[in-house]
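Novice: Protein chains in written order, with my numbering: chain A, 10 to 158; chain B, 10 to 158.
2 protein chains.
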Amino acid sequence: MLSQTVEYALRAATYLASVEGESRTVDQIAAATRVPVAYLAKVMRPLVRGKIVASRRGVRGGFALSRSPERLRILEIVQAVDPIQRITHCPLGLAAHGKRLCPLHKRLDNALAAMEEAFAATTLAEVLSEPTRSVPLCDFPAVPACRRH
Amino acid sequence: MLSQTVEYALRAATYLASVEGESRTVDQIAAATRVPVAYLAKVMRPLVRGKIVASRRGVRGGFALSRSPERLRILEIVQAVDPIQRITHCPLGLAAHGKRLCPLHKRLDNALAAMEEAFAATTLAEVLSEPTRSVPLCDFPAVPACRRH
DNA sequence: ATAAAAGAGGACATGGTTGTCCGGTTTTGG
DNA sequence: CCAAAACCGGACAACCATGTCCTCTTTTAT
Chain A
10 MLSQTVEYAL
20 RAATYLASVE
30 GESRTVDQIA
40 AATRVPVAYL
50 AKVMRPLVRG
60 KIVASRRGVR
70 GGFALSRSPE
80 RLRILEIVQA
90 VDPIQRITHC
100 PLGLAAHGKR
110 LCPLHKRLDN
120 ALAAMEEAFA
130 ATTLAEVLSE
140 PTRSVPLCDF
150 PAVPACRRH
Chain B
10 MLSQTVEYAL
20 RAATYLASVE
30 GESRTVDQIA
40 AATRVPVAYL
50 AKVMRPLVRG
60 KIVASRRGVR
70 GGFALSRSPE
80 RLRILEIVQA
90 VDPIQRITHC
100 PLGLAAHGKR
110 LCPLHKRLDN
120 ALAAMEEAFA
130 ATTLAEVLSE
140 PTRSVPLCDF
150 PAVPACRRH
């Protein structure tokens, strides 16, 4: 239902939020979030293009959130990586209705809207500061920051 | 986001609802709903297994809704054909939290729940008797019933 | 200047979804 | 009983999502 890509992107973003704007390499993010490194590298690209994260190449490079977690809604991450396709016209393609959705597809679009709404309702900051005592992304052990140097 | 399979199943069910419990062959349903015949045949099988529709083989056979549209929620069709996988435990697989969902996945599951809720909120009958003047499944022309005989 | 670190991007493998096809089985009408 | 109608089920093709790998480019430290 939700793609792996979305899952991975959200894990990465949550992790980057948890280190408070600091920069982390793909390897660090992958290790922390249990995502295949090589694939995560691909997932990060649309996040960069979508200005969710900023990337820096070269030594001491990596990825960092480009906005504060308070201003980053989960929906933005989803849309950057695997956009929710709202139904804007009848997939049957008959022009007779003009732009009006038929009842069935109106309902389907409502369902998509509900999901979109759920994603729009939460910021990354809220995920981090959940009222519960649990740690985001389960309690994967604190990941060492840059150990070199 | 929503699979083709779900889309097709819902079209088929809506069509069968629109003919008031009468039986229709795969070919008739496919023509009415603009779905590839051979694939629709596959989609119908889980609907049969899920008791959404009943099938009859042989001459004058076909598919018919096994319940009245008032009692058929869209969600049931979705679940029969391509079940919404709710998130019941952290996909990171760490046992430390026990059965508790981490904040991120709680939110994701909320989104899935919202979608599930939207599907559960509507019956096929409601799709057919939409307050708007539009015809379900767009206005594909009335499909002739069994012309033989 | 050079070497190492790290992201960017493309080529390729794998698996699941979508879609086609065909033979088998059940049912009905004559 | 026989033939036609129709669903059942499995084999196979095409395509996209997922995942791996390798090379290129950028950047920094020495």
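Glycine residues also receive a C-beta, built at the ideal position from the N, C-alpha and C atoms.
The structure displayed is predicted, hence computed values, not measured ones.
If I measure Cβ to Cβ from arginine 157 of chain A and keep anything under 8 Å in the same chain, skipping five residues before and after, which residues do I get?
Specialist: Because the pLDDT at arginine 157 of chain A is just 35, under 50, the model does not fix this residue reliably, and the point stays unresolved.
Novice: Threonine 132 of chain B and leucine 81 of chain B: beta carbons closer than 8 Å?
Specialist: yes
Novice: So glutamine 94 of chain A contacts chain B; which residues on that side make the cut at Cβ distance below 9 Å?
Specialist: Met10, Leu11
Novice: Would you mind giving the Cβ-Cβ distance between valine 15 of chain A and aspartate 118 of chain A, rounded to the nearest angstrom? I have them listed as a contact below 8 Å.
Specialist: Actually they are not in contact, since the Cβ atoms of valine 15 of chain A and aspartate 118 of chain A sit about 19 Å apart, beyond 8 Å.
Novice: Cutting at 6 Å between CB atoms, please list the residues of its own chain near methionine 124 of chain A, excluding the five before and the five after it.
Specialist: none
Novice: Please list, in chain order, the chain A residues whose beta carbon lies closer than 9 Å to that of arginine 76 of chain B.
Specialist: Under the 9 Å cutoff, chain A gives no residues; its nearest Cβ is about 18 Å from arginine 76 of chain B.
Novice: Assuming isoleucine 86 of chain B contacts alanine 26 of chain B (C-beta within less than 8 Å), just tell me the rounded distance between them.
Specialist: Actually they are not in contact, since the Cβ atoms of isoleucine 86 of chain B and alanine 26 of chain B sit about 10 Å apart, beyond 8 Å.
Novice: Taking 8 Å as the threshold (beta carbon to beta carbon), is valine 136 of chain A in contact with chain B?
Specialist: At least one beta carbon of chain B lies nearer than 8 Å to the beta carbon of valine 136 of chain A.
Novice: Using beta carbons (cut-off 8 Å, strictly below), is methionine 124 of chain A in contact with chain B?
Specialist: yes
Novice: Taking only beta-carbon atoms, is threonine 97 of chain A less than 8 Å away from chain B?
Specialist: Not an interface residue.
Novice: So, with DSSP's three-state summary, where would you put serine 138 of chain B?
Specialist: coil
Novice: Kindly indicate which residue of B:Ala21, B:Phe128, B:Arg58 has the alpha-carbon position closest to the one of isoleucine 83 of chain B.
Specialist: B:Phe128
Novice: Within 8 Å of any Cβ in chain B, is that where the Cβ of serine 143 of chain A sits?
Specialist: Bear in mind that the predicted position of serine 143 of chain A carries a pLDDT of just 47, short of 50, making it unreliable; the figure below should be weighed with that in mind. Yes, serine 143 of chain A lies at the interface with chain B (some Cβ there is under 8 Å from its Cβ).
Novice: So, does the CB of alanine 120 of chain B fall closer than 8 Å to a CB anywhere in chain A?
Specialist: By this cut-off, alanine 120 of chain B is an interface position.
Novice: So that I know if they touch, is there some Cβ in chain B lying closer than 8 Å to that of isoleucine 83 of chain A?
Specialist: For isoleucine 83 of chain A, the nearest CB of chain B lies under 8 Å from its own CB, placing it at the interface with that chain.
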